[in-house]
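*Asks:* Just so you know, we're using full-length UniProt numbering here: the sequence shown kicks off at 1 and counts up by one. Dropping a structure here in structure tokens format, bear with me for questions.
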Amino acid sequence: MSQPNTQETCQAEQTSACTVREVLDRVGGKWSIGIIIAASDGPVRFTELERSIEGISRRMLTLTLRHLERDGLLTRTVYPTVPPRVEYVATEMARELYESLVSLTGWAQRHREAIAAAREAYDRERGRAG
1 MSQPNTQETC
11 QAEQTSACTV
21 REVLDRVGGK
31 WSIGIIIAAS
41 DGPVRFTELE
51 RSIEGISRRM
61 LTLTLRHLER
71 DGLLTRTVYP
81 TVPPRVEYVA
91 TEMARELYES
101 LVSLTGWAQR
111 HREAIAAARE
121 AYDRERGRAG
């Protein structure tokens with residue numbers, strides 16, 4: 001009876017872990033969370049997203065929407081009007097994430113002041129400027 005090749009097993013595990021990391025990076029990205037939450041309530045237009053997501057540039061919004069669409073988390077619908085109307089809606093897969101993302105953003109909102117204070121204390125103790 002032969003033993004499994006441990007190098008092949010490790011490579012397979014690394015590939016799997018890398019894929020999970022990529023998925024987590026995508027859905028946990030700086031802009032992705034807000035977009036997925038907004039699109040989970042129903043169709044949302046580009047300009048609505050641009051107004052509702054503080055600090056996002058048009059280019060970054062466009063790139064993030066494309067990535068989320070490519071990953072199967074958003075569906076993009078273009079209506080043949082002049083000018084063209086484009087709407088985005090979260091897919092079932094993205095809607096499954098909704099509660100987790102709302103919980104995560106709620107946690108961040110509740111603890112952001114405590115985290116800021118901890119950072120200041122840490123930097124002060126180590127003589128660093130913030």
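Built from N, CA and C at the ideal position, the CB exists for glycine as well.
#1: Let me make sure I understand the geometry here. Which of Arg51, Ser57, Thr64 has the alpha-carbon closest to that of Ile36?
#2: Mapping DSSP to helix, strand and coil, what is Leu74?
#3: If you draw a straight line from the alpha carbon of Pro83 to that of Gly55, how long is it in whole angstroms?
#4: Could you give the first and the last residue of the continuous alpha helix (DSSP H) run that contains Arg119?
#5: Examine the Cβ distances between the region 66-75 and the region 91-106 and report whether three or more of them are shorter than 8 Å.
#6: Going by the beta-carbon positions, is the gap between Leu61 and Glu50 smaller than 7 Å?
#7: Arg126 CB to nearest chain C CB: under 7 Å?
#8: May I ask you to list the residues that DSSP assigns as paired with Glu87?
#9: Could you check the C-alpha separation between Arg124 and Ala39 for me, to the nearest Å?
#10: Do you know offhand how far Tyr79's Cα is from Val89's?
*Replies:* Taking the coordinates as given:
#1: Thr64
#2: strand
#3: 26 Å
#4: 92-125
#5: yes
#6: yes
#7: The displayed structure is made up of one protein chain only, and chain C is not part of it.
#8: Arg45, Thr77
#9: 41 Å
#10: 14 Å
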